[in-house]
């Protein structure tokens, strides 16, 4: 039953930003667009984010903070929120994943998982 009440769907599309990257200095810039949709039956507010960002050399960084892009979107059932952000890696390949902590209108806190997605400089894929 909780799955029906609390169901935040998160999808992500990433892209390599060639014009801001500098491979000679191990700087690879990526943008990612996140779409968050409340598929549950109760309104919920996104409170915090927790990202785990890994590069091809096994280095991992964690990012925690309030909201996303300075906002804490409040989503009614069926409503969505979309935003674009970015990250910089030392390698041309990486993976991001994480969670959003949500607060439902009934006072319950729950996590909305963000499945792993790739960050790839397409020039390294031949």
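In the working numbering, the protein residues as written are 3 to 128. C-beta atoms are modelled at their ideal positions from N, C-alpha and C, and glycine is treated no differently. Given the structure is predicted, the values throughout are model-derived calculations rather than measurements.
Backbone secondary structure at residue i - three-state DSSP
i	result
residue 6	helix
residue 22	helix
residue 61	coil
residue 118	strand
residue 35	strand
When the options are compared against residue i, the one with the closest alpha-carbon
i	options	result
residue 107	83, 45 and 21	45
residue 49	120, 111, 11 and 93	111
residue 9	82, 52 and 17	82
residue 41	33, 26, 12 and 67	12
residue 36	105, 86 and 103	86
residue 78	104, 64, 113 and 125	104
residue 96	109, 61 and 125	61
Same chain, Cβ closer than 6 Å to residue i, neighbours up to 5 away in sequence not counted
i	result
residue 115	101
residue 30	23, 91, 94 and 123
residue 99	54, 116 and 118
residue 66	52
residue 63	55
Length of the line joining the Cα atoms of residue i and residue j
i	j	result
residue 28	residue 59	12 Å
residue 14	residue 33	10 Å
residue 56	residue 7	32 Å
residue 80	residue 26	45 Å
residue 43	residue 89	33 Å
residue 21	residue 125	13 Å
residue 18	residue 109	39 Å
Close beta carbons around residue i, own chain, < 8 Å, minus the five adjacent residues each side
i	result
residue 75	38, 47, 48, 69 and 83
residue 113	101, 102, 103 and 104
Beta-carbon gap between residue i and residue j smaller than 7 Å
i	j	result
residue 127	residue 16	no
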